[in-house]
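I have placed the structure first, in the form of C-alpha cells, so that the comments after it can refer back to it.
Chains as they are written, first to last, in full-length UniProt numbering: chain A, 1 to 344; chain B, 1 to 344.
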C-alpha cells in the first residue's frame with residue numbers, strides 16, 4: 001500500500017562518487033561544495049528522480065524537515081484554500097507544515113521579535129500580510145528559505161495574481177456592457193496595515209476608468225469582510241450621486257453589498273450591477289459575477305518553490321504570477337434608464 | 001511589546017525545593033516522580049501561573065513542543081474553523097501546530113503505517129474521521145497524548161456535540177410547526193467510511209420521528225457536500241411520495257438542496273421547508289434555518305485538553321459535549337395545503 005521511497009541519498013552519492021554528507025549539503029544549497037560537484041550531484045539526483053526527504057537530509061545535521069506557514073487568518077475561504085494547497089504539496093515532498101496564525105499586530109510583533117522559527121524550520125511561507133522592513137530583515141537573519149504569497153517583500157520569491165489586472169478585468173466587464181458610473185468597495189485592514197492587493201486593485205479600478213474616459217470615482221473603504229461590504233454599499237447609496245455598478249474587493253465583500261441592496265429593495269442586476277474577485281464558493285450560490293483567482297494553486301506553487309529552494313534549485317519563477325479570468329453570472333447587466341425596477 | 005515569560009521552571013523548582021528535571025517530568029506527567037511531589041509541584045506551578053513552555057520543557061529531553069493535527073480536509077469551513085480554534089489555543093500555550101491533511105484512504109493508510117509523528121510531536125489531535133481499531137492501536141503505541149474531535153475512539157479524551165440531539169432539535173422544529181412527512185439527506189463518505197456524525201444524526205432523525213408518532217421515513221444518502229445535497233433533493237423529489245420538509249446533514253448539504261428546489265421552481269418555505277446543521281456563514285446568506293454548533297470552540301476545547309494532558313493533568317472533561325441550538329430563519333414554515341405556490 002505504501003509507496004516505498006525508491007531512491008535515497010546513498011544512491012545519489014554512489015552514482016556521483018562523493019559522500020552522503022556532500023550530497024546532502026549540495027542538495028540543500030549549503031556552502032562547501034564546488035559548483036562543478038553540485039551540478040554533477042544535482043544531475044544524478046534528477047536522473048534518479050530523488051526528492052529531498054527531511055529524514056534523509058537531516059542525517060547531516062541542519063535540516064528539520066519542517067516549513068512554517070504564517071497566515072493572518074485560518075477560517076476564511078481564501079486562507080484555508082491556500083493552506084490546503086501548501087500542505088498537500090509539502091507533504092508530497094516529504095515536508096511537514098507548521099502553522100502560525102497571527103491575527104493582530106501585537107501577535108505579529110511578538111512573533112517577529114521572538115522569532116520562534118529559529119532552528120525549528122527549513123523555510124517560511126508568508127501568506128498575504130505586508131511585512132515591515134524590520135520584519136523582512138528579521139526573516140533574512142534567520143537564514144532560512146522564504147516564499148511570499150499574495151504580496152512582495154525584498155528579494156524573496158513570491159506567488160501572486162496580477163491584482164491590478166484582475167481589477168481591470170472586473171471593471172472592464174462593467175464598462176463594456178455600458179456602465180459609466182462605477183463604484184468600488186475596497187477592503188481595509190481594521191488596524192490600518194496597507195495590503196498590497198487592496199492598493200493594486202484600487203489602481204486597476206482607476207486605470208480602467210481612465211481607459212474608458214470616465215473621470216468620476218465612487219470609492220469607499222470599509223473594513224474587509226461581509227459586514228464591510230454591507231456598510232460600503234450603504235455609504236455608496238447615501239451619496240448625492242449613486243453609481244449603477246459596483247466593483248467589490250472580493251466576493252465576500254460583494255455578498256455584503258448584495259445584502260444591503262436586498263434590504264434596500266434595489267433589484268440586482270436591473271438597478272445595480274455587482275462584481276467581485278475570487279470565485280469564492282458563495283459566488284455561485286449568490287449568482288455573482290466575479291474574476292476567478294486560482295487560490296489553492298497559489299499554495300501549491302509556493303510549496304513547490306520551497307521544495308525547489310530546499311533542493312538547491314532556484315525556483316522556476318522568482319515572481320510567479322498566476323492567471324485570473326472573468327466569470328459572468330447573473331449579478332451584472334447593462335445599465336437601465338435609471339428607474340428602480342420592481343423585483344421580479 | 002512582548003509579554004516576557006514571567007515565570008519559568010527554575011522558579012517552580014526553587015519554590016518546591018526539587019530539581020528542574022523533576023519539575024519537567026512532573027509537569028509532563030512522566031514516571032519517576034511520587035504523587036506527593038507531583039501534587040506539590042503542580043500546586044506551586046499553579047500558584048506561579050506557570051504554563052509549560054516547549055523550550056523550557058525540552059531542557060529535560062522528551063518534549064518537542066509540537067502537536068499534530070490530523071484532518072481529512074482543510075479548505076472547508078468546518079475544518080478550517082476547528083483548526084483556527086486549535087492553533088489559537090496551542091499557540092497561547094506555547095505549543096506549535098503541525099498540520100496533516102489525509103484526504104483519501106490511501107494517504108490515511110500510509111500515514112498510520114509509517115507514523116511520521118513518532119518523535120516529532122508530544123500530542124495528536126484527530127479531527128472527525130473514524131479511526132480503525134488498527135489505527136487506534138498504532139496511535140496508542142507511539143505513546144503521545146491523543147485528543148479526538150467530532151468522533152470517539154477507545155479511551156482517548158474527546159470533544160463533540162451531541163449529534164443525535166442536534167438532529168432531534170432540527171427535526172423537532174419541523175414536527176412542532178406541523179410537518180408529518182419529513183425527509184433526511186444524509187452525507188456519506190465517497191469511500192464508504194462510516195462517520196459517527198452521519199450515523200448519530202440519522203439516529204436522531206429516527207428518534208424524533210418516533211417521538212412524533214411518524215412511521216414514514218424518506219432517507220437518501222448521497223456523497224457529502226453541496227453537490228450531494230443537490231442530488232439528494234433530486235432523489236427525494238423523484239419518489240412516489242414527496243415530503244414537505246427536509247432535514248439535511250449540514251448547511252452545505254442544505255444549500256445544494258435549495259439549489260435543486262430553485263431549479264425545480266419549488267418555493268421555499270411555502271412548498272418545502274429545509275433545515276441544516278452548523279450555522280455555516282452561508283446559512284445566513286441563504287436564509288437557512290439551522291442548528292448551530294460551536295465549531296471553533298471545539299478546536300479551542302481540544303487544544304485546552306492537550307495542554308492539560310501535557311501539563312500532567314487529566315482534562316477537565318474526558319468526553320466534552322458542547323451545546324447546540326436552533327436558529328430559525330426563513331427556510332422553514334408550517335406545511336401548506338399542498339399546492340405549489342408561486343414565488344413572490
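For each residue, glycine too, the CB sits at the ideal point set by N, CA and C.
- Among the CB atoms of chain A, one or more fall inside 9 Å of the CB of residue 91 of chain B.
- When only Cα atoms are considered, residue 254 of chain A and residue 229 of chain A end up about 6 Å apart.
- Closer than 9 Å to the CB of residue 11 of chain B there is not a single CB belonging to chain A.
- In terms of beta-carbon proximity, residue 39 of chain A stays away from the interface with chain B, with every pair separated by 9 Å or more.
- Listed in chain order, the beta strand (DSSP E) runs fully inside the segment 75–147 of chain A are 96–101 and 123–127, counting runs of at least 3 residues.
- A straight-line Cα-Cα distance of about 7 Å links residue 267 of chain B and residue 261 of chain B.
- Within the same chain, 179, 181 and 335 come within 6 Å of residue 244 of chain A by CB-CB distance, once the 5 residues on both sides are set aside.
- At least one CB atom of chain A sits nearer than 9 Å to the CB of residue 79 of chain B.
- Along the length of the segment 220–282 of chain B, whole alpha helix (DSSP H) runs at least 4 residues long occupy 226–237 and 251–263, reported in chain order.
- By the C-beta criterion, the segment 197–213 of chain B is judged to be in contact with the segment 165–177 of chain B, since at least 3 inter-stretch pairs fall below 8 Å.
- Around the C-beta of residue 325 of chain B, fewer than 16 other C-beta atoms lie within 10 Å, and the residue is accordingly described as exposed.
- Taking 8 Å as the cut-off between beta carbons, none of the residues of the segment 146–177 of chain B comes near chain A.
- Residue-level contact check: residue 222 of chain A does not touch chain B, since none of the beta carbons of chain B fall below 9 Å from its beta carbon.
- In the structure shown, residue 183 of chain A falls within a strand segment according to DSSP collapsed to helix, strand and coil.
- When CB distances to chain A are screened at a threshold of 8 Å, the residues of the segment 229–261 of chain B falling below it are 255 and 259, in chain order.
- In the structure shown, residue 197 of chain B falls within a helical segment according to DSSP collapsed to helix, strand and coil.
- Straight across, the Cα-Cα distance linking residue 333 of chain A with residue 205 of chain A is about 18 Å.
- In this structure, the beta-carbon distance from residue 105 of chain A to residue 199 of chain A does not fall below 9 Å.
- Those residues of the segment 279–292 of chain A placed with their C-beta closer than 8 Å to a C-beta in chain B are 281, 282, 285 and 286, ordered along the chain.
- Closest option to residue 127 of chain B, judged by alpha-carbon separation, among B:134, B:309, B:11 and B:100: B:100.
- Taking C-alpha positions only, residue 19 of chain B is separated from residue 13 of chain B by approximately 6 Å.
- Contact with chain B is found for residue 97 of chain A, since one of that chain's Cβ atoms lies less than 9 Å from the residue's Cβ.
- Comparing C-alpha distances from residue 272 of chain A to each of A:278, A:279 and A:259 shows the shortest one belongs to A:259.
- Cβ-Cβ separation between residue 250 of chain B and residue 278 of chain B: approximately 5 Å, consistent with a contact (criterion under 8 Å).
- Of the residues A:309, A:302, A:226 and A:183, the one whose Cα lies closest to the Cα of residue 151 of chain A is A:302.
- Contact with chain B is absent for residue 300 of chain A, since none of that chain's Cβ atoms lies less than 9 Å from the residue's Cβ.
- The CB of residue 181 of chain A never comes closer than 8 Å to any CB in chain B; the least such distance is about 27 Å.
- In this structure, the CA atom of residue 171 of chain B is about 17 Å from the CA atom of residue 221 of chain B.
- Residue 113 of chain B counts as exposed, since fewer than 16 other C-beta atoms from the protein chains shown sit within 10 angstroms of its C-beta.
- Restricting attention to A:70, A:88 and A:81, the CA atom closest to the CA of residue 88 of chain B is found in A:70.
- Counting other Cβ atoms within 10 Å of its Cβ, residue 190 of chain B stays below 16 and is therefore classed as exposed.
- Counting the other CB atoms within 10 Å of its CB gives residue 41 of chain A a total of 16 or more, which places it among the buried residues.
- Residue 319 of chain A is bridged by DSSP to A:158.
- By the rule that beta-carbons nearer than 9 Å mark a contact, residue 226 of chain B touches chain A.
- Within chain B, the residues placing a beta-carbon under 9 Å from that of residue 87 of chain A are 74, 99, 100 and 101, ordered along the chain.
- It is roughly 46 Å from the alpha-carbon of residue 218 of chain A to the alpha-carbon of residue 166 of chain B.
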